[in-house]
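Undergrad:
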Amino acid sequence: MLSRFYVIFCAFFFLLITISESELLMFDDFEEAKINRNNWTHGVQANKISWKTKNGHLEILPIGGGAGGAAAFGYGLVEFEKFGLQFDFQPLHDDFGNGSWTGILFRASQDFKFYQLYITPEDGIGTKNYARWYIRNGEENTWKELRDLRTKLPFSLISKQWYTLTLTGKNFKFELYLKKKEDPISQKVMDWTDAKSVHRKGTIGFIADNSRHYYIDNLRLFDRPDEVNLSIEPIDRITTFWGKLKGDN
27 MLSRFYVIFC AFFFLLITIS ESELLMFDDF EEAKINRNNW THGVQANKIS
77 WKTKNGHLEI LPIGGGAGGA AAFGYGLVEF EKFGLQFDFQ PLHDDFGNGS
127 WTGILFRASQ DFKFYQLYIT PEDGIGTKNY ARWYIRNGEE NTWKELRDLR
177 TKLPFSLISK QWYTLTLTGK NFKFELYLKK KEDPISQKVM DWTDAKSVHR
227 KGTIGFIADN SRHYYIDNLR LFDRPDEVNL SIEPIDRITT FWGKLKGDN
């Protein structure tokens, strides 16, 4: 019993050291009346960003011109390689009452090089209740969907409800987790590895469209993938930590 306690204590001690060495790269709760220009910008080819803060949330607004135009993209100002990203989101409705997808950019640059994740709700259009992944590699390139990575969500995600999304990246392995905001524990959706190692470094961002509309809130970006809180039980967190430590070595 004493030896088990000692092992747990040592694991917890090393876990605290790991946490102390991590860095919160960005935090935004969107409580200010305007977009925080220290955190966010429009692309170099756009005149403005199609976002606003509303009731303490970031509101990604529907825009004209489609999803391919420069005005559709907004970017964070912090570059990273390894990362742990977590935020709350709420899909709203398009002009026809359909649930809107949520579009996330990561390892993104303003010259249209990025990875992209779409989350489409159950009451949306197209591939409903799925996560879909895309890669874009420059202004002249259209999006390329990684169709074999399409993954059905682990529960029914519908519009006008809050959810928490966690996305992590280490080297070129990415993991996605989701939960209803009120639930205690996130569920793993999937992981995948980019064997072509396309985008090594960049920022985060969000994308709009003619009729897409959603809220973002409580955004945290860490410089380590294991710093996001998935609400894992303490003993499981220690086990996970040891596994990652062994993998790093």
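Numbering (my numbering), first residue to last: 27 to 275. Virtual Cβ for every residue (Gly too), placed ideally from N, Cα, C. Quantities reported herein were computed from a predicted structural model and do not represent experimental measurements.
Determine the direct distance from the alpha carbon of Pro251 to that of Pro88, and round the result to whole angstroms.
TA: Residue 88 sits at position 62 when you count from the first residue of the sequence shown. Residue 251 sits at position 225 when you count from the first residue of the sequence shown. One C-alpha to the other measures close to 31 angstroms.
Undergrad: Can the beta-carbon of Ile145 be found less than 8 angstroms from the beta-carbon of Leu193?
TA: Translated into positions along the sequence shown, residue 145 becomes position 119. Translated into positions along the sequence shown, residue 193 becomes position 167. In this structure, Leu193 does not lie closer than 8 angstroms to Ile145 by Cβ.
Undergrad: By DSSP, does Ala234 sit in helix, in strand, or in coil?
TA: Position 208 of the sequence shown, counted from the first residue, corresponds to residue 234. The answer is coil: DSSP assigns Ala234 none of H, G, I, E or B.
Undergrad: With DSSP as the reference, identify every bridge partner of Trp159, one or two as the case may be.
TA: Numbered from its first residue, the sequence shown carries residue 159 at position 133. DSSP output for Trp159 lists Leu143 as bridge partner(s).
Undergrad: By how many angstroms is the C-alpha of Ile86 removed from the C-alpha of Asn62?
TA: Here residue 62 refers to the residue found at position 36 when the sequence shown is read from its first residue. Here residue 86 refers to the residue found at position 60 when the sequence shown is read from its first residue. For Asn62 and Ile86, the distance between alpha carbons rounds to 14 angstroms.
Undergrad: With burial defined as no fewer than 16 other Cβ atoms inside 10 Å of the residue's Cβ, what is the status of Pro210: buried or exposed?
TA: In the sequence shown, the residue the question calls residue 210 occupies position 184. So Pro210 counts as exposed.
Undergrad: Looking at the structure shown, is Pro117 part of a helix, part of a strand, or coil, going by DSSP?
TA: Within the sequence shown, the letter at position 91 stands for residue 117. Of the three classes helix, strand and coil, the one that applies to Pro117 here is strand, per DSSP.
Undergrad: Can you tell me the Cβ-Cβ gap for Phe56 and Gly82, rounded? I've got them flagged as a contact below 8 angstroms.
TA: Your numbering for residue 56 matches position 30 in the sequence shown. Your numbering for residue 82 matches position 56 in the sequence shown. Confirmed, Cβ separation roughly 6 angstroms.
Undergrad: Can you tell me whether Asp54 is buried or exposed, with buried defined as 16 or more other CB within 10 angstroms of its CB?
TA: Looking up residue 54 in the sequence shown gives position 28. Buried, since its Cβ has 16 or more Cβ neighbours within 10 Å.
Undergrad: Does the distance from the CB of Tyr240 to the CB of Leu118 come in under 8 angstroms?
TA: Working through the sequence shown from its first residue, we reach residue 240 at position 214. Working through the sequence shown from its first residue, we reach residue 118 at position 92. Yes, Cβ-Cβ distance for Tyr240 and Leu118 is below 8 angstroms.
Undergrad: When you compare each of Asn197, Tyr141, Phe113, Gly100 to Leu256 by their alpha carbons, which one comes out closest?
TA: Sequence index remark: in the sequence shown, residue 256 carries index 230 (1-based). For Leu256, the nearest C-alpha among the options comes from Phe113.
Undergrad: Would you list the residues sitting across from Gly125 in a DSSP beta bridge?
TA: Stepping through the sequence shown from its first residue, residue 125 is reached at position 99. His119.
Undergrad: Among Ala59, Thr67, Asn155, which residue has its Cα nearest to the Cα of Ala134?
TA: On the sequence shown, residue 134 is found 108 positions in, with the first residue counted as 1. Out of Ala59, Thr67, Asn155, Thr67 has the C-alpha closest to the C-alpha of Ala134.
Undergrad: If contacts are defined as beta-carbon pairs under 8 angstroms, then Gly102 and Thr229 qualify, I think. What distance do you get, rounded to the angstrom?
TA: Position 76 of the sequence shown, counted from the start, is the residue given in the question as residue 102. Position 203 of the sequence shown, counted from the start, is the residue given in the question as residue 229. Indeed, because the Cβ distance is near 4 angstroms, the residues count as touching under 8 angstroms.
Undergrad: CA-CA distance, Lys178 and Arg246?
TA: Taking the sequence shown and counting its residues from 1, one reaches residue 178 at position 152. Taking the sequence shown and counting its residues from 1, one reaches residue 246 at position 220. Approximately 25 angstroms between the Cα atoms of the pair.
Undergrad: Leaving out the 5 sequence neighbours to the left and right, which residues in its chain are closer than 6 angstroms to Lys78 when beta-carbon positions are compared?
TA: As a first step, residue 78 must be located in the sequence shown, where it is residue number 52. Cβ within range, chain order: Glu85.
Undergrad: Considering only the alpha carbon of each residue, which of Ala98, Asn64, Asn163 lies closest to Asn236?
TA: By one-based count along the sequence shown, residue 236 stands at place 210. If we check each option's Cα against that of Asn236, Ala98 comes out closest.
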